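*Asks:* Starting off with a structure, shown below.
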Amino acid sequence: MRRPLVLVADDDEMNRFLCRESLEAAGFDVIEATDGSEALERAGRERPDIILMDVIMSPMDGLTACRDLRRHSTLKNTPLVMMTGSGDNRAVARAYEAGATDFINKPISPILLNHRLRYVHRASRAFDELQASREELAKAQRMARLGAMVIELPDNIVHISREAALVLARNDDMRDMPVTSLLRRLTLADLRRVVKEFSDAVLLGEPLATEMRFRRPGGGVLTLSVRAETEIVNDQPARIRMIVQDVSELKEAEARVRYLAHHDVLTGLANRHFFNEQISHAMQQGNGRRLRKGALHLIDLDRFKEVNDTLGHAVGDQLLRDVASRLSDTLRGGDFLARLGGDEFAIIQNHLSSDEDALSFAERLLATFDRSFPIHGHRVTCGASIGIMPFRCGEMSCENLLARADLALYSAKREGRRTARIFEASMDHALRLRKQVEQDVRDGFDREWFELHFQPQFGTHSGSLAGAEALLRLRHPTRGMVGPESFVPVAEDVGLILPLGRWVIREACRRASRFVVNGRPLRVAVNLSALQLKDRDLLPAIESALGDTGLPPDCLEIEVTESMIMEDPAHAADILGRIRGLGVAIAMDDFGTGYSSFQQLRNFPLDRIKIDRAFINDVDTDREAEAIVHTILELCRTLGLHSTAEGVETEGQLEALKRLDCEEVQGFLLARPLEPAAFLAFIEPSGSRPPIPSTTLPGCHDHNQRAAAFR
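Rendered as structure tokens:
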């Protein structure tokens, strides 16, 4: 701990020596000055904790130096003890008038000197700490916008502290006022409540915690958090002491948080969370009158993605705002509108008399889309589809209500744009089936019910095995084998398609590494879903599967559809190019059924085109179908692409494809999809390769049947 520093100022050298000896022995450090002028100079430079100064010195005496020290900005509070002659009361009085803290008589008593200086030092430190504490408190009060007020009873005069005056934006000369003047600034909504709360608190003698809202002079509201206690004197309430804090910013922040928690930032409408609260409230009003019957309308914009893709997100965002505005203008009293996310809106229509009312209301909603939307110099055309679920309050759960409205919306979108559909009982059966499939998908993923089957692909002229397509199946313990058309859309909806797709890629590579023909693994094709094409982990998943299984990259082929790549052509071209950069081949599946033009094919890194079965069905009986297939094959030859015909089921189709010089064929005529063990037996009749564990095998064509088809 630092020793206190004492400045001893005396023109008597012996006296300075005696003081030094005594003080240093008592634990002080000492510096010296020979007169008042030197004392001022050393004190300003070295900042002593205590100054011990003789009254009579020359050329500057102690009293003059004392007065100068008290005018010094940093030394004015330094303890200063004056040394005077014994019994010189006049000198003592003059010392106090000059600003001395204390005095001590000469000749100096070492014991008395030490105790006197220690006392002065402790008092000085306590004063400094108190002053610092007061300054910190005042600073904290200013920062926390905290103040105090006292109401004197029974005069009802309010005394306002400086800090409270700052909070209330009052001048210092207006810090005392009648209570009525303060009450006049309260908001009308708070006036009666506040008067009653304070009256009750005084009457009962209980502490009070409340809030008061004052009108600001320049507009707006000031909210004070108040804690008050009544002071009792002679069994009578004498005054009310209050601590007040400005919590206006906190209240505004809380209001903003509440707003954001319940509203969509883009449109200002209620969000999904607020909508769920409202629909839950509606469903709980079974005995109420206000919401006896209503209808839920789910609204989905048609072709909104095209607006975003072609005109940009700024136009898309403004379109959502304009749609929200038009829908709001269509509402009646009591109706509730929300944006659920993306391009989906919902309306709770109240006071419904019949289902026809719901349909009429939906038609009015659809009519708002008949006019185009002028946005940023564009005339944007946008339609909508609506699913309607009428309800009686309290008759079903919110989940069922939303699910049925969603089924009606799905039905409306299937029928075409600008359509509204009311939920029908037949859709309920579809809902139960969908829930069952959803559970099957989850169970299948958890219990490893998914498996891959492989459909062989053959050279059209040679009949030799050229490759295989991996096809996903779900083996249900009671319902048997389930095809992908039943569960893939559900897997996409419940968020399992990406992990399922990654499993398919890895499993296909693992199996393909065992399908060896002529000393080399067979080429295996894997279908991607639209969501997989957007998955940032797609490329690492393919790299990992190839690396872990040892399958050569050129033995893997990735199949995508026209519609998938045309959703975002630039992204598709980029990701497919990077996949191809791994050495993996890219095939366009179901060619001819999508939106791409022949010219656009040049923009994508393709290796193969698979001609859709829709064109193969009539290739041997319909000249137009034959011409289309011929054109596609000529395109393949021009662009240097391989060709595969899907869905070959008759001898006539196969002969036509031979005549048109299609490279490869695939279909039930040649071989059905096979389980891994059956496929392994198909390519190695001797069974010399160790079998891969499998379950019951479906029927399939043998080699003789396949050979006959190519004769």
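In this note's numbering, the protein residues as written are 949 to 1659. Even glycine gets a Cβ: it sits at the ideal position worked out from N, Cα and C. Note that the structure is predicted; figures quoted are calculated from it, not measured.
1) Within its chain, find whatever has a CB closer than 8 Å to the CB of residue 962; leave out the 5 residues flanking it on each side and keep chain order.
2) If you compare alpha carbons, which of 1434, 1342, 1190 is closest to residue 1384?
3) Let me know the beta strand (DSSP E) ranges lying completely inside the region 1015-1064, each 3 residues or longer, listed in chain order.
4) Buried or exposed for residue 1519, going by 16 or more other Cβ atoms inside 10 Å?
5) For residue 1583, decide whether its Cβ has a neighbour in chain C, counting only Cβ atoms nearer than 8 Å.
6) Buried or exposed for residue 1231, please, with buried defined as at least 16 other CB atoms from any protein chain shown within 10 angstroms of its CB.
7) I need the straight-line Cα distance from residue 1156 to residue 1212, nearest angstrom please.
8) Thinking C-beta only, is residue 1116 closer than 8 Å to residue 970?
9) Three-state secondary structure (DSSP) at residue 1075?
10) Near residue 1602, what residues of its chain come up, given a Cβ to Cβ distance below 7 Å and the 5 sequence neighbours on each side ignored?
11) Confirm, please, whether the CB-CB distance from residue 1294 to residue 1370 is below 8 Å.
12) In whole angstroms, give me the CA-to-CA distance for residue 1414 and residue 1390.
13) Name the two residues that bound the continuous beta strand (DSSP E) containing residue 1180.
14) How many angstroms separate the CA atom of residue 1166 from the CA atom of residue 1077?
15) With DSSP as the reference, label residue 1243 as helix, strand or coil.
16) Quick check: what's the CA-CA separation for residue 1283 versus residue 1376?
17) Judging by CA-CA distance, which residue of 1137, 1348, 1350, 1258 is the nearest neighbour of residue 1327?
18) So what does DSSP say about residue 1591, is it helix, strand or coil?
19) Three Cβ pairs or more, each shorter than 8 Å: is that satisfied between the region 1096-1108 and the region 1046-1060?
20) Buried or exposed, going by whether 16 or more other CB atoms sit within 10 Å of the CB of residue 1322?
21) In angstroms, rounded to a whole number, what distance separates the CA positions of residue 1352 and residue 1582?
22) With a 10 Å radius around its C-beta and 16 neighbouring C-beta atoms as the bar for buried, classify residue 954 as buried or exposed.
23) Can you give me the Cβ contacts of residue 1359 inside the same chain, cut-off strictly under 6 Å, excluding the 5 residues immediately before and after it?
24) Of the residues 1539, 1380, 1442, 1401, which one's Cα is nearest the Cα of residue 1430?
25) Excluding the five sequence neighbours on either side, which residues of its own chain have a C-beta within less than 7 Å of the C-beta of residue 975, listed in chain order?
26) For residue 1420 and residue 1271, I'd like the C-alpha separation in whole angstroms.
27) For residue 1210, collect the residues of the same chain with a Cβ closer than 7 Å to its Cβ; drop the 5 residues on either side in sequence, then sort them by chain order.
28) Using the beta-carbon count (16 or more within 10 Å), is residue 993 buried or exposed?
29) Can you look up residue 953 in the DSSP assignment and give me helix, strand or coil?
30) Helix, strand or coil: which one does DSSP assign to residue 1010?
31) Using only alpha-carbon positions, find the residue among 973, 1008, 972 that is nearest to residue 957.
32) Which ranges would you report for the beta strand (DSSP E) in the region 1445-1520 if only whole runs of at least 3 residues count?
33) Pairing CB atoms from the region 1271-1280 with CB atoms from the region 1338-1352, are three or more of them under 8 Å?
34) Straight-line CA distance for residue 1175 to residue 1071?
35) Please go through the region 1372-1424 and give each complete alpha helix (DSSP H) segment of 4 or more residues, from N-terminal end onward.
36) Quick one: measure Cβ to Cβ for residue 1408 and residue 1610, integer angstroms, because I've assumed they're closer than 8 Å.
*Replies:* Considering the structure as presented:
1) Answer for residue 962: no residue qualifies.
2) Checked all of 1434, 1342, 1190; the closest Cα to residue 1384 is 1434.
3) Correct list: 1028-1033, 1050-1054.
4) So residue 1519 counts as exposed.
5) Going by chain labels, chain C is absent from the structure shown, which holds only one protein chain.
6) By the neighbour-count criterion, in which 16 or more other beta carbons inside 10 Å mark a residue as buried, residue 1231 falls on the buried side.
7) Looking at the two C-alpha atoms, the distance is approximately 38 Å.
8) Against a cut-off of 8 Å, the Cβ pair of residue 1116 and residue 970 comes out as no contact.
9) DSSP places residue 1075 in helix when its eight states are reduced to three.
10) 1596, 1613, 1617, 1657.
11) Against a cut-off of 8 Å, the Cβ pair of residue 1294 and residue 1370 comes out as no contact.
12) Distance between the alpha carbons of residue 1414 and residue 1390 is about 35 Å.
13) Run containing residue 1180: 1169-1181, per the beta strand (DSSP E) assignment.
14) For residue 1166 and residue 1077, the distance between alpha carbons rounds to 40 Å.
15) It is a strand residue.
16) One C-alpha to the other measures close to 26 Å.
17) Checking every option, the nearest Cα to that of residue 1327 belongs to 1258.
18) The three-state reading of DSSP puts residue 1591 in strand, counting E and B together.
19) Two segments are said to touch when three or more pairs of C-beta atoms, one from each, lie closer than 8 Å; by this definition the region 1096-1108 does not touch the region 1046-1060.
20) Residue environment: residue 1322 is assigned as exposed (fewer than 16 neighbouring CB atoms within 10 Å of its CB, all protein chains considered).
21) If I take the Cα positions, the gap works out to 49 Å.
22) Result: buried.
23) If we look at residue 1359 and ignore the five residues flanking it on each side, its Cβ neighbours are 1369.
24) Comparing Cα-Cα distances from residue 1430 to each of 1539, 1380, 1442, 1401, the minimum goes to 1401.
25) Counting only residues of its own chain and dropping the five nearest sequence neighbours on each side, residue 975 has a CB closer than 7 Å to the CB of 951.
26) Rounded to whole angstroms, residue 1420 to residue 1271 spans 41 Å at the Cα level.
27) Taking residue 1210 as the centre and dropping the five residues before and after it, the same chain places the C-beta of 1218, 1219, 1221, 1222 closer than 7 Å to its C-beta, in chain order.
28) Burial state of residue 993 is exposed, judged by a 10 Å Cβ sphere holding fewer than 16 other Cβ atoms.
29) In the three-state reduction of the DSSP assignment, residue 953 falls in the strand class.
30) Residue state, collapsed to three classes: helix.
31) For residue 957, the nearest C-alpha among the options comes from 1008.
32) Runs of the beta strand (DSSP E) inside the region 1445-1520: 1471-1475, 1504-1509.
33) No, because fewer than three Cβ pairs between the region 1271-1280 and the region 1338-1352 fall closer than 8 Å, the two stretches do not touch.
34) Each residue's alpha carbon lies about 35 Å from the other.
35) The region 1372-1424 contains these whole alpha helix (DSSP H) runs: 1373-1395.
36) Contact check for residue 1408 and residue 1610: beta-carbon distance about 5 Å, within the 8 Å limit, so the pair qualifies.
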